[in-house]
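By numbering that gives the first Met the number 0, the letter at position 113 of the sequence shown is numbered 112, and the numbering carries on one by one without gaps.
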Amino acid sequence: MPRPRRAGKSVNVSPSNGEELLPPCNGPKLHPFKGKSLNIDFQSLLNESSSSDSSSEGEGQGFVFKALIDSKPFAIKLFKFFNIEEARALFEDFQNDEMPDDVFVGNVDPFFAECRAYGRIDEFYKKHLGSKDPGLIAAPCYGYIYITKEQEASLRSQFGSLEWNRANSDADKQIRALVKQFIPNEPIDTKVRSIRRMVKDLKTLHSIGVYPRDICARNYRGGLLVDFGMALTEPSCVLNVLPEWIARKERKRDLGAFDEMIQELGIKTLVRAARTVDRQILTRTEYTQYGLRDDFVELDASGRRAKTARV
Numbered sequence: 000m001p002r003p004r005r006a007g008k009s010v011n012v013s014p015s016n017g018e019e020l021l022p023p024c025n026g027p028k029l030h031p032f033k034g035k036s037l038n039i040d041f042q043s044l045l046n047e048s049s050s051s052d053s054s055s056e057g058e059g060q061g062f063v064f065k066a067l068i069d070s071k072p073f074a075i076k077l078f079k080f081f082n083i084e085e086a087r088a089l090f091e092d093f094q095n096d097e098m099p100d101d102v103f104v105g106n107v108d109p110f111f112a113e114c115r116a117y118g119r120i121d122e123f124y125k126k127h128l129g130s131k132d133p134g135l136i137a138a139p140c141y142g143y144i145y146i147t148k149e150q151e152a153s154l155r156s157q158f159g160s161l162e163w164n165r166a167n168s169d170a171d172k173q174i175r176a177l178v179k180q181f182i183p184n185e186p187i188d189t190k191v192r193s194i195r196r197m198v199k200d201l202k203t204l205h206s207i208g209v210y211p212r213d214i215c216a217r218n219y220r221g222g223l224l225v226d227f228g229m230a231l232t233e234p235s236c237v238l239n240v241l242p243e244w245i246a247r248k249e250r251k252r253d254l255g256a257f258d259e260m261i262q263e264l265g266i267k268t269l270v271r272a273a274r275t276v277d278r279q280i281l282t283r284t285e286y287t288q289y290g291l292r293d294d295f296v297e298l299d300a301s302g303r304r305a306k307t308a309r310v
């Protein structure tokens, strides 16, 4: 299918005065959705669980629905509640000491991670206003919304009980969501020019400080990335607490993962995102030398995560 064009004439994507931009910490931020109404007609569940970890259903970041807002189709990603204790357990004490709770949540919570990534992407588009249109570098996001209790009840009646990881402290909190352009799920275009454009988009994201960290076929629609729930966006507190040599590898992991994806899909092309020299396994000795034990650092030869090491 052809690459989607930058839509939005019917949706005002500029924040207005007095409306909160998220996340509430330093760095890029995303505006609220500006549709004429928030009467959402949920049509279908597009995934069982949106996640970087597809090993088991329901253990991901949230759920993606095709929905109508004012009779227009959108993809709406609803996020599960974030457990800061579980997330902090992936880091050593000395690392956690350098990341206050508000900064940590604002960077690592998948909802906020996407807000930061799309906030930076919006900055990129605005920078090019009035100049040559660079085209889309990711699936368009039109802002965030909160799901009302009535809408949550409607979802439950339509799609059954969905697991939101809601702790007792979250009982009165609304589910957070992002409104994105709906792009049908079709196989990745195997034409060389399409693969080259995907590589260019990924490198453009890197050039503006957005590292998606979950490059795989299921996260592409129409040749565009649709998921940034694992993204690290500069300035990143996570990259700041890693040793510099590991942070450099972390910034390059997407490139090796892209090449592995193309290989797994059986696409015959000489187009490559990574140089061979960028692909390296961190040995267990190197891994334990720095007392690190999380999935941000241990990579396999393609740049993707290898086995988890516990120290």
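Ideal Cβ placement from N, Cα and C applies to all residues, glycine included.
query	result
Apart from the five residues just before and just after N46, which ones in its own chain have a Cβ nearer than 7 Å to its Cβ?	F62 and V63
Please confirm whether A66 and Q180 have their CB atoms less than 9 Å apart.	no
Please name the residue in L254, Q42 and H30 whose C-alpha comes closest to that of L177.	H30
Mapping DSSP to helix, strand and coil, what is R175?	strand
Give the DSSP bridge partners of P31, in chain order.	Y143
Pick out whichever of F158, P211, G221 and K202 has its Cα sitting closest to the Cα of N106.	P211
Strictly by DSSP, which residues pair up with Q150?	Paired residues: none, contrary to the question.
Determine the extent of the beta strand (DSSP E) in which A66 is found, giving its start and end residues.	G61 to I68
Assuming K79 and W163 form a contact by the criterion Cβ under 8 Å, report the distance between their Cβ atoms to the nearest whole angstrom.	5 Å
Looking only at its chain, what residues have a beta carbon closer than 6 Å to the beta carbon of T189, apart from the 5 residues adjacent to it on each side?	I266
If you follow the beta strand (DSSP E) that D258 is part of, which residue opens it and which one closes it?	Counting along the chain, D258 falls outside any beta strand (DSSP E), though it belongs to the alpha helix (DSSP H) covering E243 to E263.
With C-beta atoms as the reference, is L223 less than 9 Å away from L135?	yes
Count the C-beta pairs between the stretch 153 to 163 and the stretch 116 to 124 that are closer than 8 Å, then say yes if the count reaches three, no if not.	no
Using alpha carbons as the reference points, say which of S153, F41 and L238 lies closest to V209.	L238
In or out: F93 buried (at least 16 other Cβ within 10 Å) or exposed?	exposed
Under the DSSP definition of a beta bridge, which residues are partnered with Y219?	L224
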